[in-house]
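In case it helps, this note's numbering puts the sequence shown at residues 245 to 420. Beta carbons are placed, not taken as given, at the ideal position from N, Cα and C, and that holds for glycine. In this text the structure is predicted, and so the values were computed from the model without any measurement. Inspection log for the structure reproduced underneath, given as structure tokens.
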Amino acid sequence: MALRIYNTLTQQKEDFQPLNPPQVKMYVCGITPYDETHLGHARAYVTFDIVLRYLKESGYEVTYVQNITDIDDKIIAKARDEGRGTGDVVDRYTQSYFEVMDKLNVGRAAKYPKATETIPDMIEVIKGLIKLGFAYEIEGDVYFQVSKFAEYGKLSKRKKKDLLAGARVGIDERKK
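Below, the structure is given as structure tokens:
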């Protein structure tokens, strides 16, 4: 039985075809460790653990990577509220996450890169977006200019005209 995966671009289920068989690279967005692990985490990582086990059982050589977003406004706020450093908060809740996943018998990823390990790379990407005119800076903050990206919404099927300013965060009149 072939593994079938929903392709967001075509909006259809398709047979899984690895790019370089028998190698498969699997990246799963990881946790932002600012609070206790919950059922939502469990659901996501149990699901991908099942996929990982299926691929391995099917003879694929899987490299599984799951990031840890170790810097975030929520982490900073939690550290401030608890009177601790952000590193302490990250360590505490990352350890809690692994303990819960171990109890659920969820396999470990091969690598857990932290966001802070790639900040120089992120800065270079952002500089490139600014240089190409896809992003702009206002008072130290950088914004992506959706109107400049012709293929915006190709995967999400969202239309630029339907975007609501202020739907997620307050409206900033300085934004383009």
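Straight-line Cα distance separating residue j from residue i
i: glutamate 305; j: histidine 282; result: 30 Å
i: phenylalanine 260; j: isoleucine 275; result: 26 Å
i: proline 357; j: glutamate 301; result: 26 Å
i: tyrosine 387; j: aspartate 416; result: 11 Å
i: lysine 355; j: glutamine 310; result: 6 Å
i: aspartate 293; j: alanine 353; result: 9 Å
i: glutamate 395; j: isoleucine 367; result: 23 Å
i: glycine 384; j: threonine 330; result: 22 Å
i: alanine 246; j: aspartate 332; result: 44 Å
i: asparagine 264; j: glycine 327; result: 48 Å
i: glutamine 256; j: lysine 401; result: 14 Å
i: leucine 299; j: isoleucine 249; result: 13 Å
i: proline 187; j: isoleucine 382; result: Because residue 187 is not part of the residues shown, which for the chain are 245 to 420, the question remains open.
i: asparagine 251; j: threonine 362; result: 28 Å
i: arginine 418; j: aspartate 346; result: 47 Å
i: alanine 359; j: lysine 404; result: 29 Å
i: cysteine 273; j: tyrosine 341; result: 14 Å
i: lysine 318; j: alanine 288; result: 20 Å
Own chain partners of residue i with C-beta closer than 8 Å, once the 5 adjacent residues on each side are dropped
i: glutamine 389; result: Gly377, Phe378, Ala379, Tyr380 and Lys420
i: valine 290; result: Leu348 and Val350
i: leucine 253; result: Lys398 and Leu399
i: valine 344; result: Thr281, His285 and Ala286
i: isoleucine 370; result: Ala379 and Val386
Selection from the options that minimises the alpha carbon distance to residue i
i: aspartate 335; options: Asn251, Asp346 and Thr313; result: Thr313
i: isoleucine 374; options: Pro364, Thr362, Ile363 and Lys392; result: Lys392
i: threonine 338; options: Pro277, Asp316 and Gln255; result: Pro277
i: aspartate 316; options: Asp279, Asp406 and Tyr250; result: Asp279
Close beta carbons around residue i, own chain, < 6 Å, minus the five adjacent residues each side
i: threonine 307; result: Lys269 and Ala354
i: glutamine 267; result: Glu305
i: aspartate 406; result: none
Contact set for residue i: own chain, Cβ-Cβ below 7 Å, skip 5 residues either direction
i: leucine 296; result: Met270, Val306, Tyr308 and Gly351
i: proline 262; result: Val268 and Tyr304
i: glutamate 258; result: Arg248, Ile249 and Asn251
Inset, instruction - Would you mind listing the beta strand (DSSP E) stretches within the segment 380-409 that are 3+ residues and don't spill past its ends, in chain order? - result: 385-388
Inset, instruction - Pair every Cβ in the segment 281-301 with every Cβ in the segment 319-332, then say whether three or more of these pairs are closer than 8 Å. - result: no
Inset, instruction - Any chance you could list the beta strand (DSSP E) runs of at least 3 consecutive residues sitting entirely within the segment 284-321, in chain order? - result: 305-310
Legend entry - Length at least 3, wholly inside the segment 251-280: the beta strand (DSSP E) runs in chain order: 256-259 and 267-272
Legend entry - Completely contained alpha helix (DSSP H) runs for the segment 345-381, where each covers 4 or more residues: 363-375
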